[in-house]
Amino acid sequence: MFKLSSEGIDFVKKEIERYETRRSAIIPCLYRVQKENKGWVPPEAVAELSQLMDLPEAWINEILNFYTMFNKEPIGKLHVQVCCNISCCMNGGRELASHLNKEFGVQGNEISKDGNVTITRVECLGSCDTAPMMQVNDNYYENLTPEKAVSVIKELM
Amino acid sequence: MQVKVLSEHYDKPEFQGLEGYKKLGGYVELEKAFKMDPKQIIEDVKAAGLRGRGGAGFPTGVKWGFLPDNGEPRYLLCNADEGEPGTFKDRMMMERAPHQLIEGMIISSFAIGSKKSYIYVRGEYDESIRILTKALDEAYKAGMLGKNILGSGFDHDMDIYVGAGAYICGEETAMISSLEGYKGQPKLKPPFPAIEGYLGKPTIVNNVESLAAVKYIIRDGVEGYRKHGTEKSAGTKLFSVSGNVVKPGNYEIPLGMPMKTLINDLCGGMKPGRQLKAVIPGGSSTPILTAEEAMKVNMDYESMAEFGTFLGSGAVIVIDDSNCMVDLLGVLMHFYHHESCGQCTPCREGTGWLNKLVASIYKGEAKMTDLELINGISNHMMGKTICALSDAAAMPALSFLKKFREEFEFYIREGKSKVKGSSYAQMHH
Chain A
55 MFKLSSEGID
65 FVKKEIERYE
75 TRRSAIIPCL
85 YRVQKENKGW
95 VPPEAVAELS
105 QLMDLPEAWI
115 NEILNFYTMF
125 NKEPIGKLHV
135 QVCCNISCCM
145 NGGRELASHL
155 NKEFGVQGNE
165 ISKDGNVTIT
175 RVECLGSCDT
185 APMMQVNDNY
195 YENLTPEKAV
205 SVIKELM
Chain B
384 MQVKVLSEHY
394 DKPEFQGLEG
404 YKKLGGYVEL
414 EKAFKMDPKQ
424 IIEDVKAAGL
434 RGRGGAGFPT
444 GVKWGFLPDN
454 GEPRYLLCNA
464 DEGEPGTFKD
474 RMMMERAPHQ
484 LIEGMIISSF
494 AIGSKKSYIY
504 VRGEYDESIR
514 ILTKALDEAY
524 KAGMLGKNIL
534 GSGFDHDMDI
544 YVGAGAYICG
554 EETAMISSLE
564 GYKGQPKLKP
574 PFPAIEGYLG
584 KPTIVNNVES
594 LAAVKYIIRD
604 GVEGYRKHGT
614 EKSAGTKLFS
624 VSGNVVKPGN
634 YEIPLGMPMK
644 TLINDLCGGM
654 KPGRQLKAVI
664 PGGSSTPILT
674 AEEAMKVNMD
684 YESMAEFGTF
694 LGSGAVIVID
704 DSNCMVDLLG
714 VLMHFYHHES
724 CGQCTPCREG
734 TGWLNKLVAS
744 IYKGEAKMTD
754 LELINGISNH
764 MMGKTICALS
774 DAAAMPALSF
784 LKKFREEFEF
794 YIREGKSKVK
804 GSSYAQMHH
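Each protein sequence line maps, in turn, to chains A and B. Here the numbering used here is used: the first residue of the first sequence is 55, the next is one more, and so on. Here the numbering used here is used: the first residue of the second sequence is 384, the next is one more, and so on.
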């Protein structure tokens, strides 16, 4: 059962004071949960946040479900997001994603058997001049070839 | 040639930090602005002809002029939720020159009388967020933010708000909803944000590049700023060029430059053995141009309008003859379907149908009459919804079909792409 750390609780308390309304703190607090819980938001965290923030669970669920950067299921240690929007497609983004799927033996939102990698196809990440590119957790890797991408991921493992 | 007004120092790493920024002319215009009458700054921004650099091209000073004089607190919201496919200029601006944005925002806030501003940055831009956070910290420590800035008597606080993955939040009322802690769904206008925005208070939402440009209107004066560009499209603008050119990247050019010069001279033209086929001139939502049109159009608001399209966010997506238009439209329709917020029926249903119909072409399941269905659905999506996402999905569909119809017909008739060697369509999703 997930519980926020004491630093996490302090963070939530600070965030609800930071903006004009405490409702605005939902996004940053969900990010905090995700960071403390290996990249995803477990259902019990919604109840915990609801209590800490004194906001209805429905308001938190609404945000959790609307925005794509919150993961509602466990995810690999490395979340590899390959841009497959137009400029990347024109420069091999889809081939890159397929290559990584094959190389690491995962499809869709699956986690590789060793728990290390999830590979997803995402929309434009604003790095169109360096296509194809991928984001691994917080960082961008640009001007990739399939081979280069594999070696970047293996090094991060 | 590039004309580097905003981007003059972008290749100098020291421009990122406060010290280096100040050495290169940073915060000089802030001091100058504090000696001006705020109303005069608004008039100057109007007279300089600065138009919103995020996509809509609405005159920035005119937008500021809509604020009611009712004594209510007003907010400035910087739109850094750069998400229009093909656009990557705001990211560069925030990463290379965070203080340029902060300075532009303080000047703008002083002009409109705002004591609080937010920079709403898309969540994926972690590097931008880290750099901006550090810069804000530096600015506070140096007395550029907070109480009585530089002894001017003007108080201003600035904060960053991080989005969480939603293209729609780049629409100003959706951004306000998101900042308020709601789903990022647009609100019906009027009332416009300048009258009723964040928390119901008067709010100005401006793009990163628009706000940074304000500094240079103060520096160069109205005439100086107007030295570049055309009468109706004044100044310089950053264009993000991507796709199949030899040298993709961000280019700052005077508005009005021929697209031909931008693509062939600055970006090195097409790769060897390839021909220009089409250009999406202002981000994925803007109607596509044929190669012939692209070689005639100029990079300004009016010239784009003459060709039935828009300058948009300045994202120039250059497409060569190795690409299949059915495939590329499929990529775009998948995107809009994914990003529709689901609030308005024509958009929620329309984007779904367009995605399905275009996909049915490369799956070999489409009939020739489906092309009319795509046109019909697209026409029913225009101007019928709370925000412009629905139009943004319909415009590429209509223009691709109008200008490259024979490729769509060929695909339906033959069950394969007209473009030899294009195997992309098999790889969709």
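For every residue, glycine included, the Cβ atom is placed at its ideal position computed from N, Cα and C.
Burial state of residue i (16 or more Cβ within 10 Å)
i: Ser60 (chain A); result: exposed
i: Met223 (chain A); result: Residue coverage of chain A in this structure runs from 55 to 211, which leaves residue 223 (chain A) outside it and unanswerable.
i: Ala808 (chain B); result: With a pLDDT of only 47 at Ala808 (chain B), under the threshold of 50, the placement of this residue in the model should not be trusted; the figure read from the coordinates follows. Per the 10 Å Cβ criterion, buried.
i: Gly626 (chain B); result: buried
i: Met558 (chain B); result: buried
i: Ser64 (chain A); result: The amino acid occupying residue 64 (chain A) in the given sequence is Asp; Ser does not appear at that position. The residue is exposed, with fewer than 16 neighbouring Cβ atoms inside 10 Å.
i: His392 (chain B); result: buried
i: Pro569 (chain B); result: buried
i: Lys620 (chain B); result: buried
i: Asp394 (chain B); result: exposed
i: Gly798 (chain B); result: exposed
i: Phe791 (chain B); result: buried
i: Glu507 (chain B); result: buried
i: Phe471 (chain B); result: buried
i: His812 (chain B); result: Interpretation of His812 (chain B) is limited by its pLDDT of 42, a score under 50 that renders its predicted location unreliable; the figure taken from the coordinates is listed afterwards. Label assigned to His812 (chain B): exposed.
i: Ile532 (chain B); result: buried
i: Asp427 (chain B); result: buried
i: Phe787 (chain B); result: buried
i: Met187 (chain A); result: buried
i: Asp420 (chain B); result: exposed
i: Ser668 (chain B); result: buried
i: Pro396 (chain B); result: exposed
i: Glu592 (chain B); result: buried
Expected contact under 8 angstroms - CB spacing of residue i and residue j to nearest Å
i: Asn170 (chain A); j: Lys131 (chain A); result: 5 angstroms
i: Arg505 (chain B); j: Asp542 (chain B); result: Not quite, the Cβ-Cβ distance comes to about 16 angstroms (not below 8 angstroms), so this is no contact.
i: Ile663 (chain B); j: Ile636 (chain B); result: Actually they do not touch by this definition, with Cβ atoms about 18 angstroms apart.
i: Gly147 (chain A); j: Val136 (chain A); result: 6 angstroms
i: Asn706 (chain B); j: Ser782 (chain B); result: Not quite, the Cβ-Cβ distance comes to about 15 angstroms (not below 8 angstroms), so this is no contact.
i: Ser696 (chain B); j: Gly666 (chain B); result: 4 angstroms
Nearest residue (CA-CA) to residue i, options the options
i: Ala431 (chain B); options: B:Thr613, B:Leu715, B:Ile795; result: B:Thr613
i: Lys126 (chain A); options: A:Gly62, A:Val66, A:Val95; result: A:Val95
i: Ile140 (chain A); options: B:Gly798, B:Ile702, B:His763; result: B:Ile702
i: Glu685 (chain B); options: B:Lys615, B:Lys679, B:Ser668; result: B:Lys615
i: Phe398 (chain B); options: B:Met477, B:Lys418, B:Ala617; result: B:Met477
i: Lys415 (chain B); options: B:Asp603, B:Arg657, B:Lys654; result: B:Asp603
i: Tyr719 (chain B); options: B:Ala771, B:Asp540, B:Lys767; result: B:Ala771
i: Ala439 (chain B); options: B:Tyr745, B:Met642, B:Leu754, B:Asn590; result: B:Asn590
i: Lys660 (chain B); options: B:Gly713, B:Asn681, B:Val624, B:Met708; result: B:Met708
i: Ser492 (chain B); options: B:Asp538, B:Leu533, B:Gly454; result: B:Asp538
i: Leu103 (chain A); options: A:Ala151, A:His153, A:Gly93, A:Ile81; result: A:Ile81
i: Leu109 (chain A); options: A:Pro128, A:Gly146, A:Lys67, A:Ile129; result: A:Lys67
i: Gly656 (chain B); options: B:Pro421, B:Val628, B:Asn758, B:Lys472; result: B:Val628
i: Ala780 (chain B); options: B:Leu711, B:Asn681, B:Gly403, B:His721; result: B:Leu711
i: Met764 (chain B); options: B:Tyr410, B:Tyr745, B:Leu737; result: B:Leu737
i: Lys630 (chain B); options: B:Cys650, B:Ala688, B:Leu638, B:Leu645; result: B:Cys650
i: Met527 (chain B); options: B:Phe417, B:Met653, B:Gly466; result: B:Phe417
i: Val386 (chain B); options: B:Met751, B:Leu754, B:Ala617, B:Phe793; result: B:Ala617
i: Glu555 (chain B); options: B:Leu571, B:Ala547, B:Asp540; result: B:Leu571
i: Pro456 (chain B); options: B:Ser623, B:Asn758, B:Lys499; result: B:Lys499
i: Ser723 (chain B); options: B:Glu467, B:Tyr550, B:Lys643, B:Leu784; result: B:Tyr550
i: Lys429 (chain B); options: B:Leu582, B:Ala596, B:Ile512; result: B:Ala596
i: Thr75 (chain A); options: B:Ser560, B:Lys767, B:Met687; result: B:Ser560
i: Gly159 (chain A); options: A:Glu149, A:Leu150, A:Thr172; result: A:Thr172
i: His482 (chain B); options: B:Ile495, B:Ser511, B:Gly466; result: B:Ser511
Contact list for residue i against chain D, beta-carbon separation under 7 angstroms
i: Ile140 (chain A); result: The structure shown contains no chain D; the protein chains it does contain are A and B.
Inset, instruction - Evaluate contact between the stretch 561 to 579 of chain B and the stretch 105 to 125 of chain A, counting only Cβ atoms and requiring at least three cross-stretch pairs below 8 angstroms. - result: yes
Inset, instruction - Evaluate the contact criterion for the stretch 664 to 673 of chain B versus the stretch 686 to 705 of chain B: three or more CB pairs, one atom per stretch, below 8 angstroms. - result: yes
Inset, instruction - Give, in chain order, every residue of the stretch 710 to 721 of chain B whose Cβ lies closer than 8 angstroms to some Cβ of chain A. - result: Asp710, Leu711, Val714, Leu715, Phe718, His721
Legend entry - Meets three-Cβ-pair contact criterion under 8 angstroms: the stretch 505 to 524 of chain B and the stretch 445 to 461 of chain B: no
Legend entry - Contacting positions in the stretch 73 to 99 of chain A - beta carbon closer than 9 angstroms to chain B: Tyr73, Glu74, Thr75, Arg76, Arg77, Ser78, Ala79, Ile80, Ile81, Pro82, Leu84, Tyr85
Inset, instruction - Could you tell me whether the stretch 456 to 476 of chain B touches the stretch 584 to 595 of chain B, using the rule of 3 or more Cβ pairs below 8 angstroms? - result: yes
Legend entry - Residues, ordered as in the chain, of the stretch 180 to 193 of chain A that lie near chain B by beta-carbon distance below 9 angstroms: Gly180, Ser181, Cys182, Asp183, Thr184, Ala185, Gln189, Asn191, Asp192, Asn193
Legend entry - Residues of the stretch 561 to 579 of chain B with Cβ closer than 7 angstroms to any Cβ of chain A, in chain order: Leu562, Glu563, Gly564, Lys566, Gly567
Inset, instruction - Below 8 angstroms between beta carbons is the criterion; list the residues of the stretch 116 to 129 of chain A that meet it against any residue of chain B, in chain order. - result: Glu116, Ile117, Phe120, Tyr121, Thr122, Met123, Phe124
Inset, instruction - Decide if the stretch 479 to 494 of chain B is in contact with the stretch 590 to 601 of chain B; the criterion is three or more beta carbon pairs, one per stretch, under 8 angstroms apart. - result: yes
Inset, instruction - Return the residues of the stretch 448 to 475 of chain B that lie within a Cβ-Cβ distance of less than 7 angstroms from chain A, sorted by chain order. - result: Glu465, Gly466, Pro468, Gly469, Thr470, Phe471, Arg474
Inset, instruction - Below 9 angstroms between beta carbons is the criterion; list the residues of the stretch 532 to 561 of chain B that meet it against any residue of chain A, in chain order. - result: Asp542, Tyr544, Val545, Gly546, Ala547, Gly548, Ala549, Tyr550, Cys552, Ser561
Inset, instruction - Could you please tell me which residues of the stretch 619 to 636 of chain B, in chain order, have their CB closer than 8 angstroms to any CB of chain A? - result: Ser623, Val624, Ser625, Gly626, Asn627, Pro631, Gly632, Asn633
Inset, instruction - Could you please tell me which residues of the stretch 140 to 167 of chain A, in chain order, have their CB closer than 7 angstroms to any CB of chain B? - result: Ile140, Ser141, Cys143, Met144, Arg148, Ser152
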